[in-house]
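> Those protein sequences? They're chains H and Z, same order as listed. Note that the UniProt record's numbering has the first sequence beginning at 1, numbered continuously upward. Note that the UniProt record's numbering has the second sequence beginning at 1, numbered continuously upward. Okay, handing you the structure first.
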Amino acid sequence: MNIALSPSSRLLPLIFCLFGLFVAAVGIGSSFMPPERVVAALLGQGTRIDGVIVWTLRLPRVLLAVLAGAAFALAGALLQRVARNPMASPSVLGITDGAAVGVVLFLWLFSDDANNLLVSIAWQPVSAVCGATLFGTLVMVLVASDKGGNKPLKIILYGIALAALAKAMVTMLIIVGPVYRASQALIWLTGSVGAAHWNDVWTLTGGLCAVLPILFYQRLAIGQMALDPQSARTTGVDLMRSQFILLLVAVLLTSLAAAHVGAIGFVGLVAPHVARMLHGQFRSGYLVSTALTGGLIVLGADTLARTIAPPLELPAGALTSLVGAPLFLYLLVKGRRYNA
Amino acid sequence: MPDTLARLNGLTVKYDSSIALEEICLDLPDAKIIAFCGPNGSGKSTALRVMRGLHQPAAGDVEIAGKPVADWNARELARKVAMLSQSPNAPSDLTVAELVRLGRFAHRGPFSVFSKKDEQACHTALEATEMLQLQDRALAQLSGGQVQRAWIAMTLAQDAARIFLDEPTNHLDIAHAFELLDLISRLKTERKRSFVLVLHDLNMAMRYADHVVLFKNGKVAADGPTIDVLSEQNISQVFGVRCKIMAVSELEKPVIVSWGEAKRN
């Protein structure tokens, strides 16, 4: 392949694509806005009504889609490195489903008979983080206490088992819980950025900003994790510490994103693979490329979801799975050499 | 300046409940080529792993480069001691150059870029292992011996004064095995490196090692200068084979010829 390209010039096309889609996504809606008006409104030079549409209605949704996609994708890339398994992702390891248990449990416990929430909805992300952490920790404890070999496979197997358990718990809670909450929970479970507010955008931005220095600090260790654990340690990596930190980051990113947009599937699995093909997983800038790809996928899915059958809006998560699953199958069939 | 590479004191190592090493005491000299020899499962690889801090001993302690192994910080220890394990593994789409660059981890700060010095160390390592021409190949495109040399290049790029190699001649043909051991000898004399090698070929140990430790059933059967340790008596006792040590006029070191079980005949 084109080896001569520098990492930054590999990122440029992605950034252009994302920017193009960003402008298009802001422009597309019940009243279409051509790109020049979108850009004018973004720069604060458009008409007042354009400004309102862009800044209040569309921008939070578009930004949330990009940020959530980036968070899921980063979490997926980190998990794939820590587990040394290209099949690892937040949804495979039960982290997303753990977040779902947290959210559904929250909706169930804190609703009164009239379906009103007894506490602020701001606590929902907290419960998502708790659920995700619980299930993520469970998987890791099981793997750590397993004396046998082939840890990469074990992580996936325990993850699948716990994800199934979490899914069952979610289903039970939905059936037992109040009806109105059930439909709310279902939308959350498929994953949608439809109800975006600036608050969501800020929380997710905050989360990503908090995580970035950690990722930057650990970026070399993340590269070393491509080696088997023993070799990684002999090159000087404090492996246990790095694995722990990165797992924590992955759980945090997943639950934070899932709490705001729901369980958008397959992004965490597919985005790192696409970035591998476009960028190369051992070049510097791989994580940036993964994050951009993730943002691109979710924004593309959401934009498609709200234009495919207007005025109906599909949840973005349904589309990412619809597009992501075949794409993943394609990657599997084509790229058998990806077995890490 | 300590002239001891490593000091093992009453070292007992267990895997689950089975004992791999039992009350080992060893003083390994610095700036030498040390060979660990012995039958399969006698504990030589385990000793190497414990000396590098990869496995916690059940009892006893290990001192390396003048400090207990547990007191070393991961990165600092990696600058002092490099090690190549028996069956290292990396993604098959990793290229040789990328693999060798990973050997520089301990020298790179979290905020530093890949420096000229890092680049130089990688180049030297690739040159020494004759992997320069193959550096842009992915590991999947290499033969077993070439992969092994790529890993050795990564270990050398780490630029540590002490290098542990677990069966480094694995997958190498005779010519490349000799080349590797010649390289090791050169690095010892020219660059004052110490080596600990797990070797299966006793003739290789005889020819290249300054010091040999013979392991049997998790214990040290013999330890000392090569010519004293690799005696007919020790070899037949430890391996249960008959052998003869013969001088060959063209060679400085004698050769070991072994055959069958000692009990028969």
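Cβ atoms here follow ideal geometry from the backbone N, Cα and C, with glycine treated the same way. All of these numbers come straight from a predicted model, not from anything done at the bench.
Quick one: grab the DSSP three-state call for Z/H211.
Residue numbering aside, residue 211 of chain Z sits at position 211 when the second sequence is read from its first letter. Correct three-state label for Z/H211: strand.
> Determine the DSSP secondary structure at Z/P168, reduced to helix, strand or coil.
Numbered from 1 along the second sequence, position 168 holds the residue referred to as residue 168 of chain Z. Z/P168 falls in the coil class under three-state DSSP.
> Can H/A100 and H/A263 be called in contact, C-beta distance under 7 angstroms?
Residue 100 of chain H sits at position 100 when you count from the first residue of the first sequence. Residue 263 of chain H sits at position 263 when you count from the first residue of the first sequence. Yes.
> Apply the 10 Å Cβ neighbour rule to Z/Y208 and answer buried if 16 or more other Cβ atoms are within range, or exposed otherwise.
Translated into the one-based positions of the second sequence, residue 208 of chain Z becomes position 208. The residue in question, Z/Y208, is buried, as its Cβ has 16 or more Cβ neighbours within 10 Å.
> Mapping the DSSP letters down to three states, classify residue 358 of chain H as helix, strand or coil.
Limits of chain H in this structure are 1 at one end and 340 at the other, which puts residue 358 of chain H out of reach.
> Quick check on Z/F111: does DSSP put it in helix, strand or coil?
Reading the second sequence from its first residue, position 111 is the one you call residue 111 of chain Z. Here Z/F111 sits in coil by DSSP.
> State the Cα-Cα distance for the pair Z/Q133 and H/R241, rounded to the nearest angstrom.
Counting from one through the second sequence, the residue named residue 133 of chain Z turns up at place 133. Counting from one through the first sequence, the residue named residue 241 of chain H turns up at place 241. Straight-line Cα distance between these residues: approximately 37 angstroms.
> To the nearest angstrom, how far is the alpha carbon of Z/W151 from that of Z/A20?
What you label residue 151 of chain Z is simply residue 151 of the second sequence in a count that begins at 1. What you label residue 20 of chain Z is simply residue 20 of the second sequence in a count that begins at 1. C-alpha separation (whole angstroms): 27 angstroms.
> I think H/R182 touches H/A75, with their Cβ atoms under 8 angstroms apart; what is that distance to the nearest whole Å?
As a working note, residue 182 of chain H is residue 182 in the first sequence. As a working note, residue 75 of chain H is residue 75 in the first sequence. The sequence given here has Ala at residue 182 of chain H, not Arg. That belief does not hold up - the Cβ atoms of H/A182 and H/A75 are roughly 27 angstroms apart, past 8 angstroms.
> Determine, for Z/A74, whether the minimum Cβ-Cβ distance to residues of chain H falls below 7 angstroms.
By one-based count along the second sequence, residue 74 of chain Z stands at place 74. For Z/A74, the answer is yes, since a Cβ of chain H falls inside 7 angstroms of its Cβ.
> Going by CA-CA distance only, name the one from Z/V13, Z/G53 and Z/P68 that's closest to Z/A42.
Walking along the second sequence from the start, residue 42 of chain Z turns up at place 42. Before going on, a small fix: residue 42 of chain Z reads as Ser here, not Ala. When each option's Cα is compared against that of Z/S42, the closest is Z/V13.
> Going along the chain, which residues of the region 206 to 239 of chain H sit with their C-beta nearer than 7 angstroms to a C-beta in chain Z?
Correct list: Y217, L220, G223, Q224, A226, L227, D228, Q230, S231, R233, T234, T235, G236, V237 and D238.
> Between the region 91 to 98 of chain H and the region 164 to 171 of chain H, do at least 3 Cβ pairs fall closer than 8 angstroms?
Touching, yes, given that three or more Cβ pairs across the two stretches are closer than 8 angstroms.
> Of all the alpha helix (DSSP H) runs that stay within the bounds of the region 178 to 211 of chain H, which reach a length of 4 or more residues?
Complete alpha helix (DSSP H) runs here, min 4: 179 to 190.
> Against H/F282, what residues of chain Z qualify as contacts under a CB-to-CB distance less than 7 angstroms, listed in chain order?
For the purposes of this step, residue 282 of chain H is identified with residue 282 of the first sequence, where counting begins at 1. The contacting residues are L94 and E98.
> Just tell me which of Z/I174, Z/L8, Z/I34 and Z/C25 has its CA closest to the CA of Z/L199.
Working through the second sequence from its first residue, we reach residue 199 of chain Z at position 199. Checked all of Z/I174, Z/L8, Z/I34 and Z/C25; the closest Cα to Z/L199 is Z/I34.
> Which two residues bound the contiguous beta strand (DSSP E) that contains Z/N64?
As a working mapping, residue 64 of chain Z is identified with position 64 in the second sequence. According to the sequence displayed, residue 64 of chain Z carries Ile and not Asn. From DSSP, the beta strand (DSSP E) with Z/I64 extends over A59 to I64.
> Ends of the alpha helix (DSSP H) at H/L247?
As a position in the first sequence, residue 247 of chain H is number 247, starting the count at 1. Its alpha helix (DSSP H) spans residues L239 to V261.
> Taking 7 angstroms as the threshold (beta carbon to beta carbon), is Z/L202 in contact with chain H?
Here residue 202 of chain Z is taken as the residue at index 202 of the second sequence, counted from 1. Closer than 7 angstroms: no.
> Could you tell me which chain Z residues have their CB closer than 8 angstroms to the CB of H/K147, listed as they occur along the chain?
In the first sequence, counting from the first residue as 1, residue 147 of chain H sits at position 147. Ordered by position in chain Z, the residues that pass the 8 angstroms Cβ test against H/K147 are D16.
> When burial is assigned at 16 or more other CB atoms within 10 Å of the CB, is H/L122 buried or exposed?
Within the first sequence, the letter at position 122 stands for residue 122 of chain H. Residue 122 of chain H is actually Ala in this sequence, not Leu. Per the 10 Å Cβ criterion, exposed.
> Can you name the residues of chain H whose CB is closer than 7 angstroms to the CB of Z/M83?
Working through the second sequence from its first residue, we reach residue 83 of chain Z at position 83. Result: T234.
> List the residues of chain H whose Cβ lies closer than 8 angstroms to the Cβ of Z/L28, in chain order.
Here residue 28 of chain Z refers to the residue found at position 28 of the second sequence. Neighbours of Z/L28 on chain H: none; closest Cβ ~18 angstroms, over 8 angstroms.
> Residues of the region 105 to 133 of chain Z in Cβ contact with chain H at a cutoff of 7 angstroms, in chain order, please.
Here the close residues are F105, A106, R108 and P110.
> Check H/I222 in the structure and name its three-state DSSP category.
As a first step, residue 222 of chain H must be located in the first sequence, where it is residue number 222. Reduced to three states, the DSSP call for H/I222 is helix.
> Inspect the beta-carbon positions of Z/M206 and Z/L183 and report whether they are closer than 7 angstroms.
As a working mapping, residue 206 of chain Z is identified with position 206 in the second sequence. As a working mapping, residue 183 of chain Z is identified with position 183 in the second sequence. Cβ atoms of Z/M206 and Z/L183: not closer than 7 angstroms.
> Name the chain H residues whose beta carbon is nearer than 9 angstroms to that of Z/Q141?
To locate residue 141 of chain Z, count along the second sequence from 1; it is residue 141. Correct list: empty, because the minimum Cβ distance to chain H is about 10 angstroms.
> As an exercise, report each continuous beta strand (DSSP E) stretch of at least 3 residues that is fully enclosed by the region 80 to 108 of chain Z, in chain order.
Those beta strand (DSSP E) runs which fall completely within the region 80 to 108 of chain Z and span 3+ residues are 81 to 84.
> Using a Cβ cut-off of 9 angstroms, pull out every chain H residue sitting near Z/Q158, in sequence order please.
Residue mapping note: residue 158 of chain Z aligns to position 158 of the second sequence, counting from 1. What Z/Q158 touches in chain H: T234, T235 and G236.
> Determine the direct distance from the alpha carbon of Z/K219 to that of H/H273, and round the result to whole angstroms.
One-based indexing of the first sequence puts residue 273 of chain H at position 273. One-based indexing of the second sequence puts residue 219 of chain Z at position 219. Straight-line Cα distance between these residues: approximately 49 angstroms.
> Can H/A166 be considered in contact with the ligand NAD, in the sense that its beta carbon sits closer than 6 angstroms to one or more heavy atoms?
By its list of ligands, the structure shown contains no ligand whatsoever, and the ligand NAD lies outside what it can speak to.
> Look up Z/T12 in the DSSP assignment and give the residues it is bridged to.
Stepping through the second sequence from its first residue, residue 12 of chain Z is reached at position 12. Z/T12 pairs with Z/A59.
> Check for me: the beta strand (DSSP E) holding Z/M246 runs from which residue to which?
Along the second sequence, one-based indexing puts residue 246 of chain Z at 246. Here the beta strand (DSSP E) through Z/M246 covers V241 to M246.
> DSSP state of Z/T4, grouped into three classes?
Indexing the second sequence from 1 puts residue 4 of chain Z at position 4. DSSP places Z/T4 in strand when its eight states are reduced to three.
> Using a C-beta to C-beta distance shorter than 9 angstroms, which residues of chain H count as neighbours of Z/R149?
Stepping through the second sequence from its first residue, residue 149 of chain Z is reached at position 149. By Cβ distance, chain H contributes nothing, its closest Cβ being about 15 angstroms from Z/R149, past 9 angstroms.
> Between which residues of its own chain and H/A195 is the CB-CB distance below 7 angstroms, once the five residues before and five after are set aside?
As a position in the first sequence, residue 195 of chain H is number 195, starting the count at 1. Here the set comprises nothing.
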